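**Q** First the structure, then my questions, so here it is.
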Amino acid sequence: MPKSTDYVAKIPDDTGHIAYTSEEDAVWADLYAQQLPRIREHASKPYLDGFDRVAMAADRVPQCPEISDRLRTLTGWQVAPVPALIGFQQFFSMLAEKTFPAASFIRSREHFDYIEEPDIFHEIFGHTPLLTDARFAGFSQAIGTAGTQAVKDDYAWLIRLYWFTIEFGLLREGDSVKTLGSGLASSPTEILHATSGVPELRPFDVIDILRTPYRIDIPQPVYFVLDDLDQLFAAADRDLLGDIQTARALGLHAPKYPPKAA
Ligand SMILES: [Fe+2]
């Protein structure tokens, strides 16, 4: 997660409604139109099935209450607007309570194709389709629950598991590798990069993932591929804090990316 942002949270009224400007709605509509053919081609079936179930608006920024109404009937989750950046403790607590924290602002056209921090397009378009799937929702909650029981030094380890699955996970479908994670579904460029055959693809393995460092500001050089969403369902039952201790004892892998320029 980035540590700072120039974007300001949009505050909902008493009914949970956020007033977006016509330009903000137009940015949503253009992002949606650009990304739709890319997810249809490259995203996995669980994501696409969820995308159809959520049935979000195409021509305006969707409102969290309307998305929550759909999620609640399917998996008991909801989406709640939060400030642009929140701390790990609040983040994990909300996931544990089946509440997805959504940054409520939408990117400006200057950041149309790439934005480092999550915006409402990433949160709704990227995340909410998979929260309609009980297996994915259960895994998301398990990470949150582990986070609420973790000590501060564990956060960076646990968030790597979140990063390489919920944000940037891939899923094997027959002979193809499709995108699962929200960071891919909502990124016009990284969805193509991840499925290009260029990055290194590794099999899903919790300990291996916990030991893999990442940078948030570049396309990932390595992705982890699930064979089946049931692997995530099984991972939700693991002792994730015990896994962190195991990973810590083994140590981090050497980074596959260049060091960040000062
Ligand atoms: Fe995200």
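Residue numbers are given in the numbering used here: position 153 of the sequence shown equals residue 153, and the series is strictly consecutive. Glycine included, each C-beta is placed from N, C-alpha and C at the ideal position. Source: prediction; values computed, not measured.
Would you identify the three-state DSSP class for lysine 178, choosing helix, strand or coil?
**A** As a first step, residue 178 must be located in the sequence shown, where it is residue number 178. Note: lysine 178 maps to strand in three-state DSSP.
**Q** Please state whether DSSP places valine 222 in a helix, a strand or coil.
**A** As a first step, residue 222 must be located in the sequence shown, where it is residue number 222. Here valine 222 sits in strand by DSSP.
**Q** Apart from the five residues on each side of it in sequence, which residues of its chain come closer than 7 Å, Cβ to Cβ, to alanine 247?
**A** As a position in the sequence shown, residue 247 is number 247, starting the count at 1. Correct list, in chain order: Trp157, Ile207, Leu210, Arg211.
**Q** May I have a chain-ordered list of the alpha helix (DSSP H) segments no shorter than 4 residues that lie completely inside the region 144-173?
**A** 155-162
**Q** If I measure Cβ to Cβ from phenylalanine 88 and keep anything under 6 Å in the same chain, skipping five residues before and after, which residues do I get?
**A** On the sequence shown, position 88 is the one that residue 88 refers to. The answer, listed in chain order, is Tyr155.
**Q** Report all residues from its chain with a CB closer than 6 Å to the CB of alanine 142; omit the five preceding and five following residues, and keep chain order.
**A** As a first step, residue 142 is located in the sequence shown; it is residue number 142 there, counting from the start. Counting only Cβ-Cβ distances below 6 Å, and skipping sequence neighbours, we find Ala236.
**Q** Compute the minimum distance between the beta carbon of histidine 127 and the heavy atoms of ligand 2, and state whether it is under 7 Å.
**A** In the structure shown, ligand 2 is absent; the only ligands present are ligand 1.
**Q** What separation, rounded to the nearest whole angstrom, lies between the Cα atoms of methionine 56 and serine 140?
**A** To locate residue 56, count along the sequence shown from 1; it is residue 56. To locate residue 140, count along the sequence shown from 1; it is residue 140. The C-alpha of methionine 56 lies about 21 Å from the C-alpha of serine 140.
**Q** Would you mind sorting glutamate 264 into buried or exposed? The rule is 16 or more other CB atoms within 10 Å of its CB.
**A** Residue 264 lies beyond the range of the chain shown here (1 to 262); nothing can be said about it.
**Q** The beta strand (DSSP E) spanning leucine 201 covers which residue range?
**A** To locate residue 201, count along the sequence shown from 1; it is residue 201. It spans 200-203 - the beta strand (DSSP E) in which leucine 201 sits, taken as one unbroken run.
**Q** Taking DSSP as the reference, what is the three-state secondary structure of valine 206?
**A** The sequence position of residue 206 within the sequence shown is 206, counting from 1. It is helical.
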